[in-house]
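Protein chains in written order, with the numbering used here: chain S, 86 to 556; chain D, 86 to 556.
Beta carbons: idealized from backbone N, C-alpha and C, even for Gly.
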């Protein structure tokens with residue numbers, strides 16, 4: 086064990102400016118312990134000695150020692166003086182040398198993977214202005230712990246908006262604001278499992294793999310419903326003995342087809358007959374280009390269908406704003422899960438979106454973006470028709486993505502994706518979203534909404550350059 | 086089955102203005118189905134007939150029918166005409182009549198329950214200005230799907246701030262931004278259970294019951310550590326065979342005492358010896374009034390201690406902003422849980438807080454609030470000393486709450502709480518936070534930070550009026 090006071094080690098305590106002398110002494114001692122100059126067990130000099138060394142008052146050193154004892158860097162025992170505590174230094178050093186900041190993923194010049202809107206079109210100025218108005222108008226209680234369902238201002242605005250635009254039949258009391266559909270799926274899964282005895286949920290065979298993982302972690306078994314040109318084959322629900330089903334009726338993701346009228350009716354009839362629950366993921370229902378959008382399935386059977394909407398496509402995924410319109414029988418269970426997950430969604434974004442909707446700015450933004458994405462889809466289909474006529478664009482004119490079916494004899498999708506990556510273009514195959522491998526099912530899922538405006542022409546050119554070689 | 090075309094029923098379709106004729110026809114038909122005027126199975130008039138009735142083009146009616154068939158309100162079968170779908174109306178009506186908007190809880194004139202800062206002091210203008218600057222400066226990718234740990238701007242600002250103010254030893258790569266401590270506890274519990282084989286976590290016997298529930302739902306068994314004047318009795322950790330422990334070292338909630346230096350050292354030694362994990366809930370570490378705050382326990386052993394901080398007390402709970410500084414060995418498991426919970430925390434509030442910290446406005450706000458709460462605590466203790474001298478204010482001068490120990494012979498806490506409620510004052514007994522019932526342990530936990538500024542004097546007067554009767 087070293088005895089610093091007697092060993093004559095020169096500690097070079099550097100007292101940096103700012104924060105007062107005691108803080109400087111403390112900081113210098115802490116640093117010396119951290120970097121190993123003061124090893125565990127080392128006895129510190131008497132306060133009188135160090136004070137004289139440093140040219141500071143003795144009480145200053147005594148106070149600094151007391152602070153560091155309180156924090157656990159030093160120990161003080163009667164008769165043994167003040168010593169460096171065991172292990173206070175080395176661990177801090179190892180942790181500081183630990184994990185490097187992760188890279189943000191590979192960098193591509195162009196990104197046509199699906200799932201993201203055009204982030205460069207986020208209405209920053211309108212959002213900031215609405216936030217300022219919302220902050221000025223909010224009651225104090227908006228900033229506190231509160232109703233787990235979320236702000237009444239937003240639930241009110243959404244209930245009116247969704248009735249008008251999507252034909253949703255609900256009311257503010259039946260809505261729960263969530264941090265994105267990812268959270269919504271977890272809350273619903275756990276609510277169905279814990280309080281409604283659900284065991285099994287059917288999901289569309291095509292879709293994000295993460296959603297299944299989340300439902301399984303909620304304790305549900307997942308079974309797949311095949312998807313064809315009429316959407317998910319809901320006729321299989323009874324045989325699958327499912328207690329619930331997750332559908333994308335307006336625009337199947339990723340296949341891009343709507344659920345046919347017959348199947349809409351069948352899904353509702355299934356729910357009514359056996360008490361099943363339909364979860365309607367209406368992720369891009371506001372974007373349809375060839376006709377008026379098909380209204381929400383929920384409007385047909387509000388007691389059996391959970392409507393799930395989101396701002397992730399209409400505004401930005403980074404907002405993490407989604408909402409559920411719930412059947413009355415499910416409300417309490419979902420609210421309980423929300424409270425346990427994070428109590429309530431962050432309020433300022435909620436108040437801001439409510440203000441945007443109430444002022445009409447949200448409608449204007451959606452209209453602008455509808456035109457924006459429609460033009461992109463038209464440019465995509467025109468360019469492909471000209472330069473890669475063997476490639477078929479399937480699905481309806483809607484949303485932010487298109488399925489590009491490759492002709493027989495085309496190279497494997499994995500090869501195309503890898504070749505595109507070499508040219509700086511990020512692509513995704515349908516196989517990554519549950520599509521079956523093999524010549525018949527070969528397809529790309531192209532997110533034409535993803536690139537920022539300045540990069541769309543280049544992305545399209547890169548895509549056509551790649552696919553024009555296919556005959 | 087009715088046949089409307091032949092029955093001569095006058096349907097009074099009212100075509101409201103706006104949205105075009107087809108939308109008006111659709112809306113009127115939908116409404117008629119909803120309110121039951123068009124019963125299930127009813128056959129609709131031929132398009133030619135209804136068009137003539139309404140004085141609109143036949144195609145308009147045909148398009149409206151097609152839309153409502155697509156949405157499932159109507160069914161169309163060859164040879165059977167267009168009919169109202171089964172069950173489309175009644176269910177919607179029942180759901181709409183369902184759950185009333187919940188009340189915001191009982192209303193009190195004064196609220197001295199603990200857990201909330203003064204919401205009237207939330208810096209609305211500074212927040213709005215910082216949000217505007219942050220929105221203007223953010224890269225596009227900030228609005229997209231991204232690193233589940235949260236914005237690098239905020240993690241960078243927090244790592245620097247926490248090192249400076251709380252002695253936390255971390256780096257941005259080891260931080261995860263969460264939506265409040267509630268979410269953080271869930272993520273940590275599931276990460277410890279799923280990927281580190283933890284089975285049992287020790288928690289302080291005094292604290293929020295919800296935290297235990299969340300840890301138990303994560304699959305962990307919880308065991309209690311008694312709390313005395315030196316904080317949690319961490320000596321019991323080994324015997325409890327705990328894999329982890331959740332502590333409030335700077336200011337035990339609700340007892341109001343700091344963890345003693347000896348116990349700080351013991352907690353770290355326990356973690357080092359057996360690989361246990363300490364979770365440090367530093368919920369109000371910035372508010373200490375009698376001396377410099379004791380630095381974070383995490384600084385002593387960053388490889389064994391998870392530091393958890395929050396903006397819920399320094400700014401507002403409604404922000405739902407908290408952060409973890411993690412040991413490297415726990416990082417991946419917590420990030421995986423965060424991704425499954427909600428992918429990433431909402432970004433605009435993160436960017437705004439980063440901007441507030443970087444600009445110095447956050448430090449200024451905390452200093453202002455420290456003075457604000459210190460003055461309130463001084464007023465509380467002075468008023469009680471004068472008007473209820475038998476009541477002892479225990480715990481250190483810190484945070485937003487104080488424990489008021491009642492003298493022997495005082496009425497039961499439940500009686501006082503109920504009597505206060507009759508007078509419009511909300512109070513909480515220590516028993517609601519795990520305190521033992523009975524004369525010896527009788528105490529109130531008073532949140533002097535809770536009332537808005539204009540109501541503090543009245544709240545204090547109401548409290549003193551109640552307690553002055555106790556001898």
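For residue 321(D), there is no enclosing beta strand (DSSP E), since its DSSP letter is neither H nor E. Taking the C-beta atoms as reference points, residue 298(D) is found no nearer than 9 Å to residue 430(S). Note that the segment 253-273 of chain S touches the segment 403-410 of chain S; at least 3 beta-carbon pairs, one per stretch, sit closer than 8 Å. In this structure, DSSP gives residue 399(S) a state outside helix and strand, which the three-state scheme calls coil. Excluding sequence positions up to five before and after residue 386(D), its CB lies within less than 8 Å of the CB of 353, 356, 357 and 363, all in the same chain and listed in chain order. Not a single CB atom of chain S sits nearer than 9 Å to the CB of residue 289(D). Residue 127(S) is outside the set of residues whose beta carbon lies under 9 Å from a beta carbon in chain D. The alpha-carbon separation between residue 300(S) and residue 417(D) amounts to approximately 21 Å. Following the DSSP letters along the chain, one finds residue 444(D) inside the alpha helix (DSSP H) bounded by residues 432-444. Residue pairing of residue 309(S) in beta bridges, as defined by DSSP: 288(S). For residue 245(S), no beta strand (DSSP E) run applies; the uninterrupted alpha helix (DSSP H) run containing it begins and ends at 237-251, by DSSP. Boundaries of the beta strand (DSSP E) around residue 167(D): 166-169. In the three-state reduction of the DSSP assignment, residue 124(D) falls in the coil class, being assigned neither a helical nor a strand state. The DSSP-derived three-state label of residue 147(S) is helix. Under the criterion of beta carbons closer than 8 Å, residue 156(D) and residue 380(S) qualify as touching, at roughly 4 Å. Going by DSSP, residue 138(S) is part of the alpha helix (DSSP H) stretching over 132-139. Within the model, the alpha-carbon separation for residue 496(D) versus residue 309(D) is close to 28 Å. DSSP places residue 408(S) within a strand segment (E or B) once states are collapsed to three. The alpha-carbon separation between residue 360(S) and residue 278(S) amounts to approximately 14 Å. With its beta carbon at least 9 Å from every one in chain D, residue 505(S) lies outside the interface. The segment 344-351 of chain S and the segment 205-218 of chain S do not touch, with fewer than three beta-carbon pairs separated by less than 8 Å. Apart from sequence neighbours up to five positions away, the residues of its chain that approach residue 505(D) with a beta-carbon distance below 8 Å are 511, 512, 547, 548 and 551, ordered along the chain. Nearest in C-alpha terms to residue 307(S), of all of 314(S), 332(S) and 395(S), is 332(S).
With a contact defined as Cβ atoms closer than 8 Å, residue 383(S) and residue 276(S) miss out at about 17 Å. Here residue 365(D) is bridged, per DSSP, to 332(D) and 392(D).
Among the residues facing chain S, residue 263(D) is included, as its CB has a counterpart in that chain under 9 Å away. Note on residue 163(S): under 16 other CB atoms within 10 angstroms of its CB, so exposed under the neighbour-count rule.
Across the segment 431-452 of chain D, CB contacts with chain S closer than 7 Å involve 431, 432, 433 and 434, in sequence order along the chain. With a cutoff of 9 Å on beta-carbon distance, residue 479(D) and residue 312(D) are scored as not near each other. Taking a C-beta cut-off of 7 Å against chain D, the contacting residues of the segment 208-223 of chain S are 209, 212, 213, 216, 217, 220 and 221, listed in chain order. For a Cβ distance threshold of 9 Å, nothing in chain D lies close to residue 399(S): the least Cβ distance comes to about 12 Å.
Going by DSSP, residue 116(D) is part of the alpha helix (DSSP H) stretching over 105-119. Here residue 339(D) is near residue 291(D), since their CB atoms are less than 9 Å apart.
If you draw a straight line from the Cα of residue 392(D) to the Cα of residue 252(D), it is about 11 Å long. When secondary structure is reduced to three states using DSSP, residue 385(D) falls in the helix class. Setting aside the 5 residues that flank it on each side, residue 324(S) has no residue in the same chain whose C-beta is closer than 8 Å to its C-beta.
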